[in-house]
Each structure stands twice: as C-alpha cells, then as structure tokens.
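**Q**
Number of protein chains: 6
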Amino acid sequence: MPTINVQLFEGRTLEQKRAFVEAVTKVTVETLGCSVNAVDIIFQDVKRENWATGGRFASDPPKA
Amino acid sequence: MPTINVQLFEGRTLEQKRAFVEAVTKVTVETLGCSVNAVDIIFQDVKRENWATGGRFASDPPKA
Amino acid sequence: MPTINVQLFEGRTLEQKRAFVEAVTKVTVETLGCSVNAVDIIFQDVKRENWATGGRFASDPPKA
Amino acid sequence: MPTINVQLFEGRTLEQKRAFVEAVTKVTVETLGCSVNAVDIIFQDVKRENWATGGRFASDPPKA
Amino acid sequence: MPTINVQLFEGRTLEQKRAFVEAVTKVTVETLGCSVNAVDIIFQDVKRENWATGGRFASDPPKA
Amino acid sequence: MPTINVQLFEGRTLEQKRAFVEAVTKVTVETLGCSVNAVDIIFQDVKRENWATGGRFASDPPKA
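Chains as they are written, first to last, in our numbering: chain B, -3 to 60; chain L, -3 to 60; chain V, -3 to 60; chain Z, -3 to 60; chain X, -3 to 60; chain A, -3 to 60.
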C-alpha cells in the first residue's frame, strides 16, 4: 500500500509520467508513512472521446 | 462529484456514448443534486476476451 | 456488461439512488444495446474529507 | 456479485487468462458462496511503462 | 503486479476471504507467471443497497 | 482530468491526507500540464483485513 490509480488523457509522454512518478512516490512516503517499495502507481490513458464532463466530451470543440 | 466509470464491451460508437452521456448527465443532476459541470463520465472499453462471466469469456461462442 | 461504478459524496438517500438506478438502467439499455439484467450499478459513498478537488477537500469551508 | 477487476501487465495470453478465469471462478463460488453466473472477471492489460513500483517503471531496466 | 480488486457484498467473514486469498494467490502465480509477493488482493465490501442489477437493488425483496 | 484514486490503509489522518493532496496536486499541475481545478484526488480507506499481499493479510501478525 498504497495503490494509486491515475486516469488521465492519453498523450502524456513517458518523461511527464516519470516526473510525476518520482515526485508522487517521494511525497507519498513522506506524508503517508510507508516504504518506497510499497508505492504502486498505475496510469490509465483515457481517450478524449471516452471522457465527458458536464455532458460534453473532452474531444468536443469548445463552445462558441 | 460524482465520477462515473463505465466498463463496457468495445465497439460502441461515439454516437451511442454521446446519447448515454447526455441522458445520464441529466439524470444525475436531477436525482443526486449536483451541478452539471461536476458530472464526470469515463468509459473503459473492454475487449470481449478480457471479460468473463460465469467462467466463460464474452468472446467464447455460445454453448451448444 | 456494462458495469457502472459511481463515486459520490455520502449522504444521498436510497430514494435518490433508486431514482438514479431506474433512469440510468433504462438509458443504458436504450443507448448501449444490452439486456436489462446485464446492467450493474455499484455506488461507492465517499466521505467529503476523502475527496479533494483543486487541492481542497470537499469538507473544507468555502473560500472567503 | 462479485466483480473482480484484475490489473496485470499486458502480454498474458488468452490461454493464461482462461486458466485463471476457470480456477478463480470455481474458487469464488466455493469460498464466497455465490452462483457461478454471478462471477464477473474483468482484465485490464497495463503497459509496463504505465506501472511504477517504488518510483521505477516496470519497463525500466533492472538496477545494476 | 497483478492487483486484484474484488467488489463483493458485505458480510463475508475473514475466514471466507482468507480461503479466497490463499487459493487465488496460488492460482495467480501458477497461471499468470508472477512471484507470490507481487499478488495484491483488495476487497471492497459493498452494502446491498449500493449494488443494483437490472434496475433492482440487492437489498430489495425478491419479485413475487 | 486527471482523476487520482488512492487506496491506502485506514488510519491516516486528515492532516496526512492534506499534506499528500497539496503536494500531489501541485506536482500534477507541473508534470501533466493541467489546471489545478481539474485535479481530483479520491481516497479509499481500506481495512487491513481487506488487503492481502503474497497471500497474507496486512492484519496478520508478521511471520516468526
């Protein structure tokens, strides 16, 4: 523990994910009190046409 | 809030998902009492060979 | 299929959830093309002190 | 019920998943007391560059 | 890996869960090819009034 | 986006979670390139008798 599932739009690079992982792992150890090897982070890349907020897909053009 | 994760077989069209999103977002606002912009709906397309019910995959041929 | 997981703030009544379930089940059958018995809806009640948006917990007082 | 979500590295074959499904479905019925048709198992194949443990991605080369 | 999330009705005993865990862990190692210490199983106890199938809650009385 | 679900052992304080939320929200904005208000973090407190690793529950006494 902990297991951290991150749902995000697809398109982020491995470098972005690596920066996220390194910082979040460090913060998790410091704030939640666990060993570093216990931190699992799993990314779920979500297509913009699979994520809707307020009834509109993230792939929709912005409202005029 | 709320965040609604929908696991479904892959193959549904964006038009089907849009009809779902529009109706479910409306229903959510009406029944759960939240603002429309607070409703997140995330689809996870699942291959039929990744979903088993009763020990059989959805990709298996029907029993004779 | 489908399986619909709904994360929402705790405190909604069974009547609110029932209204949601009845409407969403109906919409799901109509838009995604599945049998009614295949629709699973699972609610996860989340305490407001377990949900943070933009760095603030839902249990925090509104900004002055 | 129950619904069992399995996050695993991509690359497992359908034969491996089938062996898992058959055994786990049987075990679930025996230990949790439910009907066989009530057991849903959903696999989520995760790329190794989307899973980090202890700050390192599963796609990283092992430490020297 | 893998991480196995199990959503089930609340009320199962620790003994039932232990029997499930021991058998599923063994099966996972045998079928998916991973080390035993890599197998995480997380139970999410769900109240029957939080799980609806086919538009009816698991807490509803059976149809007459 | 993103939505970050954190499964952790129950018992962490709101202060620990707040420190986690503040740091992770900041890191997320910096590394994934999103607006601060788009970051949702949801904690799921898991009892130690609901989490097993390597076939042993986190509530079990350590091996002799």
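Each residue gets a CB set at the ideal place from its N, CA and C atoms; glycine is no exception. As the structure is a computational prediction, the values presented were derived from the model and not from experiment.
Taking 8 Å as the limit between beta carbons, can you name the residues of its chain near Arg44 (chain V), skipping five residues before and five after?
**A** Correct list, in chain order: Phe5, Glu6, Phe53, Ala54 and Ser55.
**Q** Taking 7 Å as the limit between beta carbons, can you name the residues of its chain near Val32 (chain A), skipping five residues before and five after?
**A** Counting only Cβ-Cβ distances below 7 Å, and skipping sequence neighbours, we find Thr21 and Val25.
**Q** Have a look at Arg14 (chain A) and Gly50 (chain L) and give me their C-alpha separation to the nearest angstrom.
**A** About 42 Å.
**Q** Name the chain V residues that come within less than 7 Å of Glu45 (chain X), Cβ to Cβ?
**A** Near Glu45 (chain X) (Cβ distances below 7 Å), the residues of chain V are Leu10.
**Q** For the beta strand (DSSP E) containing Ala48 (chain X), name the first residue and the last one.
**A** Trp47 to Thr49 is the span of the beta strand (DSSP E), which, as asked, contains Ala48 (chain X).
**Q** So if I threshold CB-CB distances at 8 Å, which residues from the segment 16 to 29 of chain X count as touching chain A?
**A** Under the 8 Å Cβ criterion, the segment 16 to 29 of chain X contributes Val17, Glu18, Thr21 and Lys22.
**Q** Within 10 angstroms of its Cβ, does Thr9 (chain X) collect 16 or more other Cβ (buried), or is it exposed?
**A** It is exposed - the Cβ of Thr9 (chain X) has fewer than 16 other Cβ atoms within 10 Å.
**Q** Which complete alpha helix (DSSP H) runs does the segment 9 to 52 of chain A hold, if anything under 4 residues is left out?
**A** Qualifying alpha helix (DSSP H) stretches, in chain order: 10 to 28.
**Q** In chain order, what residues of the same chain have a beta carbon less than 6 Å from the beta carbon of Trp47 (chain Z), not counting five sequence neighbours either side?
**A** If we look at Trp47 (chain Z) and ignore the five residues flanking it on each side, its Cβ neighbours are Ala54.
**Q** Of the residues A:Gly29, A:Pro57, A:Asp41 and A:Cys30, which one's Cα is nearest the Cα of Ile0 (chain B)?
**A** The shortest C-alpha separation from Ile0 (chain B) is found at A:Asp41.
**Q** Residues in its own chain within less than 6 Å of Ile37 (chain V) by CB, not counting five upstream and five downstream?
**A** Closer than 6 Å at the Cβ level, and outside the excluded window around Ile37 (chain V), lie Ile0 and Val17.
**Q** Please report the straight-line C-alpha distance between Val23 (chain Z) and Gly29 (chain X), rounded to a whole angstrom.
**A** Going by the C-alpha atoms only, they are around 19 Å apart.
**Q** Whole angstroms are fine: how far does the CA of Ala19 (chain X) sit from the CA of Val35 (chain X)?
**A** Spanning the two alpha carbons is a distance of roughly 12 Å.
**Q** Rounded to whole angstroms, what is the Cα-Cα separation between Gly(-3) (chain L) and Gln3 (chain V)?
**A** Contrary to the premise, residue -3 (chain L) reads as Met rather than Gly in this sequence. Each residue's Cα considered, the two are about 7 Å apart.
**Q** Going along chain L, which residues have a C-beta under 7 Å from Phe39 (chain Z)?
**A** Per Cβ cutoff of 7 Å: Asn46.
**Q** Among residues of its own chain, excluding the 5 on either side of Phe39 (chain V), which ones have a beta-carbon nearer than 7 Å to its beta-carbon?
**A** Answer for Phe39 (chain V): Val2, Leu4 and Lys13, listed in chain order.
**Q** Is there a Cβ of chain Z sitting closer than 8 Å to that of Asn42 (chain L), yes or no?
**A** The displayed chain sequence assigns Val, not Asn, to residue 42 (chain L). Yes - at least one Cβ of chain Z is within 8 Å of the one on Val42 (chain L).
**Q** Can a CB atom of chain Z be found closer than 8 Å to the CB of Thr(-1) (chain V)?
**A** By this cut-off, Thr(-1) (chain V) is an interface position.
**Q** State the Cα-Cα distance for the pair Thr61 (chain L) and Thr27 (chain V), rounded to the nearest angstrom.
**A** No answer is possible for residue 61 (chain L): the residues shown for chain L start at -3 and end at 60.
**Q** Distance cutoff 8 Å, beta carbons only. Does Gly50 (chain V) sit that close to anything in chain A?
**A** Yes, Gly50 (chain V) counts as interfacial toward chain A.
**Q** What does Phe5 (chain B) touch in chain A if you count any residue whose Cβ is under 7 Å from its own?
**A** Those within 7 Å of Phe5 (chain B) in chain A are Met(-3).
**Q** Taking only the alpha-carbon atoms, compute the straight-line gap between Pro58 (chain X) and Glu11 (chain V) and give it to the nearest angstrom.
**A** Taking the straight line from one Cα to the other gives about 18 Å.
**Q** Chain B partners of Val2 (chain A), CB-CB under 9 Å?
**A** Within 9 Å Cβ-Cβ: Pro(-2), Thr(-1), Ile0, Asn1, Thr24 and Leu28.
**Q** Should Asp56 (chain A) be flagged as near chain L, meaning a C-beta pair shorter than 8 Å?
**A** It does not: the Cβ of Asp56 (chain A) has no partner Cβ on chain L nearer than 8 Å.
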